[in-house]
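Trainee:
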Amino acid sequence: MNLGALLRSAYFLGVDRVVATHSNSCPLTPIVSKASAGAMEVFDVYSTDDLQGFLKAKSAEGWEVVGTASRPEDVEGVPVISCSEFRWDKPLIVVIGTEGEGLSLQTQLQCQQMLAIPPGRALHPGIDSLNVSVAAGILLHSICSQKRRHGD
Numbered sequence: 002m003n004l005g006a007l008l009r010s011a012y013f014l015g016v017d018r019v020v021a022t023h024s025n026s027c028p029l030t031p032i033v034s035k036a037s038a039g040a041m042e043v044f045d046v047y048s049t050d051d052l053q054g055f056l057k058a059k060s061a062e063g064w065e066v067v068g069t070a071s072r073p074e075d076v077e078g079v080p081v082i083s084c085s086e087f088r089w090d091k092p093l094i095v096v097i098g099t100e101g102e103g104l105s106l107q108t109q110l111q112c113q114q115m116l117a118i119p120p121g122r123a124l125h126p127g128i129d130s131l132n133v134s135v136a137a138g139i140l141l142h143s144i145c146s147q148k149r150r151h152g153d
C-alpha cells in the first residue's frame, strides 16, 4: 500500500518518473496500481536491479542525488538538512528508504545530501517517524513546490 500511495502523491505533485528497486520495494502489481488510484497506469514507473549503479551513473551525468533520513543522528558521512532548506537547481533524484530501516549506508554514501523532516514537537520513543508514504509526500511537496514557484 505504501508504494501505491507514494506513486499517487508523486504523480499528483508533478514528479516526472519513479524508479523502484526489485530487492527493497514491493513488485509493481495490480494491488499497487489500485493503491495508486490508477496513477501507476498513466505515470512513468521503472524498476532497477542495480540501485548503486543507477545512482552512480546519474551522478556522473550531473544529477544531484539526495536521500531521506528519518533519524538524522543515524546518518554518517553525508550532510543532513531540513527539507525546507533544500534548494533544487539541477536534475534531481530523491532516494526514499524503506520504512523502519531507511537507506543502507552504501546508498547514503551515494547521496550528496540527506533530507529530513523536522518534527513539530519533542517525540516519544517509538513514535519518532512518519509512515514512508506520508514522509515521501511531504518531501516531494517541499521540493516540487519550488518548481512551481520558479515556473519550471
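Residues 2 to 153 (this note's numbering) make up the sequence shown, in order.
Every residue gets a Cβ at the ideal spot worked out from N, C-alpha and C, and that includes glycine.
If you're wondering where the values come from, they're calculated on a predicted model, not measured in any experiment.
Per DSSP, A21 forms a beta bridge with which residues?
Mentor: As a working mapping, residue 21 is identified with position 20 in the sequence shown. Note: A21 sits in a beta bridge opposite S48.
Trainee: When the Cα atoms are used, what is the spatial distance from R18 to D45?
Mentor: Against the sequence shown, residue 18 aligns to sequence position 17. Against the sequence shown, residue 45 aligns to sequence position 44. Taking the straight line from one Cα to the other gives about 5 Å.
Trainee: Taking the beta carbon of S83 as the centre, do at least 16 other beta carbons fall within 10 Å, making it buried, or is it exposed?
Mentor: What you label residue 83 is simply residue 82 of the sequence shown in a count that begins at 1. Exposed: under 16 other Cβ atoms inside 10 Å.
Trainee: Roughly how many angstroms lie between the CA atoms of G78 and L104, to the nearest whole one?
Mentor: Translated into positions along the sequence shown, residue 78 becomes position 77. Translated into positions along the sequence shown, residue 104 becomes position 103. Taking the straight line joining both Cα atoms gives about 13 Å.
Trainee: What are the uninterrupted segments assigned as beta strand (DSSP E) that are 3 or more residues long and contained completely in the stretch 83-132, given in chain order?
Mentor: 93-96, 114-117
Trainee: Would you give the residue range spanned by the beta strand (DSSP E) that G39 belongs to?
Mentor: On the sequence shown, position 38 is the one that residue 39 refers to. Counting along the chain, G39 falls outside any beta strand (DSSP E), and DSSP gives it neither H nor E.
Trainee: Could you give the first and the last residue of the continuous beta strand (DSSP E) run that contains G68?
Mentor: As a position in the sequence shown, residue 68 is number 67, starting the count at 1. Unbroken beta strand (DSSP E) run through G68: 65-69.
Trainee: With DSSP as the reference, label V135 as helix, strand or coil.
Mentor: Working through the sequence shown from its first residue, we reach residue 135 at position 134. Collapsing the DSSP output to three states places V135 in a helix.
Trainee: Can the beta-carbon of S60 be found closer than 8 Å to that of V67?
Mentor: The residue labelled residue 60 in the question sits at position 59 within the sequence shown. The residue labelled residue 67 in the question sits at position 66 within the sequence shown. Taking 8 Å as the Cβ cut-off, S60 and V67 do not qualify as a contacting pair.
Trainee: Using 8 Å as the Cβ pair cut-off and three pairs as the minimum, do the stretch 68-77 and the stretch 25-42 touch?
Mentor: no
Trainee: Run through DSSP, which three-state label would V33 get?
Mentor: The sequence position of residue 33 within the sequence shown is 32, counting from 1. Correct three-state label for V33: helix.
Trainee: To the nearest angstrom, how far is the alpha carbon of V43 from that of S146?
Mentor: Locating residue 43 in the sequence shown gives position 42, counting from the first residue. Locating residue 146 in the sequence shown gives position 145, counting from the first residue. Distance between V43 and S146, taken at the CA atoms: about 21 Å.
Trainee: If I measure Cβ to Cβ from W175 and keep anything under 6 Å in the same chain, skipping five residues before and after, which residues do I get?
Mentor: Absent from the model: residue 175. The displayed extent of the chain is 2 to 153, so no value can be given.
Trainee: Check each candidate in Q113, K57, R72 and name the one with the smallest Cα separation from D129.
Mentor: Working through the sequence shown from its first residue, we reach residue 129 at position 128. Selected option, being the one with the closest Cα: R72.
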